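Right, one structure below, let's go through it.
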Amino acid sequence: MAMITTVTEEEWGTCKDPSNKVKADNSIRTYVKRATLPKKLAQAIVYRLTPEILVKRINERKHTVRKLLAEDLQPYDATMDADNVAKNVADIIVEIIQISAGLAPKSDLEKQQQQQIEADLSRRFGEFLLQETDGYCPFPGCGRQLHIVNGNKTSPLYKVSLIDKSKTSSIDNLIALCPNCYTTYQLDDSKQVCKELKAAKRILSIHKQSVQLLDNMALEKGIIGVIGKIKDLKQKDLVGASLDPKEIKQKLDPDKDLAIYGVVNYYVNTYFLKVKEIMMSLDKRGIIDYEETQDQMKAFYRNLKKKKLTKVEIFNEIVDKIHRVSLQENIYCQIVVAYFIQSCEVFDVITK
Numbered sequence: 000m001a002m003i004t005t006v007t008e009e010e011w012g013t014c015k016d017p018s019n020k021v022k023a024d025n026s027i028r029t030y031v032k033r034a035t036l037p038k039k040l041a042q043a044i045v046y047r048l049t050p051e052i053l054v055k056r057i058n059e060r061k062h063t064v065r066k067l068l069a070e071d072l073q074p075y076d077a078t079m080d081a082d083n084v085a086k087n088v089a090d091i092i093v094e095i096i097q098i099s100a101g102l103a104p105k106s107d108l109e110k111q112q113q114q115q116i117e118a119d120l121s122r123r124f125g126e127f128l129l130q131e132t133d134g135y136c137p138f139p140g141c142g143r144q145l146h147i148v149n150g151n152k153t154s155p156l157y158k159v160s161l162i163d164k165s166k167t168s169s170i171d172n173l174i175a176l177c178p179n180c181y182t183t184y185q186l187d188d189s190k191q192v193c194k195e196l197k198a199a200k201r202i203l204s205i206h207k208q209s210v211q212l213l214d215n216m217a218l219e220k221g222i223i224g225v226i227g228k229i230k231d232l233k234q235k236d237l238v239g240a241s242l243d244p245k246e247i248k249q250k251l252d253p254d255k256d257l258a259i260y261g262v263v264n265y266y267v268n269t270y271f272l273k274v275k276e277i278m279m280s281l282d283k284r285g286i287i288d289y290e291e292t293q294d295q296m297k298a299f300y301r302n303l304k305k306k307k308l309t310k311v312e313i314f315n316e317i318v319d320k321i322h323r324v325s326l327q328e329n330i331y332c333q334i335v336v337a338y339f340i341q342s343c344e345v346f347d348v349i350t351k
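Written as structure tokens, this is what we have:
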């Protein structure tokens, strides 16, 4: 299991590695024939598979060992040999996990049509979408690099996917993913996964616009407008805020929430001191009450956390609330929320 997924045993949703239940005298053929895993486990790992590691480990075995493994599987695939058995075994196990997770495989014709559509989308929108991701897969929990390095040459390695498959291929409904996440998502009709991808796309889109449009004058004007309006947001359940600043990695896990982590980390590194300077100035001039503003942001977060929303959904929801009241551009609202994440009003510290 450790060779096929980055998900730790604590996250599997099952107490033990199911592959350990296979008796010692059973061959891999018996395990493959059984072709099933607990559905909860399969769903937990299906988007975080690492077949390339399994291929590498099998190929590290001696030729004789790989030949015996291939012969054991030839009744199911006559083309198996020592040279291709690693890739074929990895493909088989990935398919087992996908089926166990409830994802139905596509026919050869459907796969061919899908490949043609993807190639056209990559040709038309690929370069823009790749830049939008900053070179990393934005799928929640992934974060793979969208390029490979071969010697001194770097080549892109990504696929362009529709986010909402029931809608047209507009730029707002497309996202660049790593090949693994792309392939799995094409089999998945989960509304929750689609919702998470929409949220990730929204963050990426606004962030790309911010890098192109922001300057110091506009930044200060926008943030003053936002902060001046935050006090108008109504929240009854105000609580004290923790004022001990934490590093972003203590609040957001880049392995699980890479899209939001990258955006927040960028804003904090670039604008945190400027925002703090503006905050202190507004507080001294009596335009805002800084402590009250902190309490309100903490209350927003706690109320949304009770709804069991993801961190991406919470981030977008707070940004939306500030945007509706301040009537400022979303980018300024995002910068302010990122400030409060660093200041410990939004998101709890990750416990190990």
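Just so you know, the sequence shown maps onto residues 0 to 351 in numbering that gives the first Met the number 0. The beta-carbon is built from N, C-alpha and C at its ideal position, and this holds for glycine as well. Since this is a predicted model, take the numbers as computed values, not measurements.
Three-pair Cβ contact test at 8 angstroms for the stretch 106-115 versus the stretch 69-86: no
Endpoints, beta strand (DSSP E) assigned at Ser280: No beta strand (DSSP E) contains Ser280, which is instead part of the alpha helix (DSSP H) from Leu257 to Lys283.
Opening and closing residue of the alpha helix (DSSP H) in which Ala337 lies: Unbroken alpha helix (DSSP H) run through Ala337: Asn329 to Gln341.
Span of the alpha helix (DSSP H) around Lys38: In the DSSP assignment, Lys38 falls within the unbroken alpha helix (DSSP H) covering Lys38 to Ile44.
Reduced DSSP secondary structure (H/G/I, E/B, other) of Gln73: coil
Three-state secondary structure assigned by DSSP to Asn151: coil
Span of the beta strand (DSSP E) around Ile174: Segment Leu173 to Leu176, the beta strand (DSSP E) holding Ile174.
Secondary structure of Arg28, DSSP reduced to three states: Here Arg28 scores only 49 on pLDDT, less than 50, and its place in the model is too uncertain to base an answer on.
Buried or exposed by the 16-neighbour rule on C-beta atoms within 10 Å, applied to Pro50: By the 16-neighbour rule on beta-carbons within 10 angstroms, Pro50 is buried.
Range covered by the beta strand (DSSP E) that runs through Val159: Val159 -> beta strand (DSSP E) spans Lys158 to Leu161.
Under the three-state DSSP convention, the category Thr182 falls into: helix
Backbone CA spacing between Lys273 and Met279 [nearest angstrom]: 10 angstroms
contact_flag[the stretch 133-149, the stretch 57-73] where n(CB pairs < 8 angstroms) is 3 or more: no
Where the alpha helix (DSSP H) containing Tyr289 begins and where it ends: Tyr289 to Lys305
Opening and closing residue of the alpha helix (DSSP H) in which Pro50 lies: Pro50 to Asn58
8 angstroms CB neighbourhood of Thr156 in its chain, flanking five on each side removed: The sequence given here places Leu at residue 156; Thr does not occur at that position. Closer than 8 angstroms at Cβ, skipping near neighbours: Gln144, Leu145, His146, Ile147, Cys177 and Pro178.
Span separating the alpha-carbon of Asp288 from that of Pro137: 37 angstroms
Where Thr309 sits in the DSSP three-state scheme: coil
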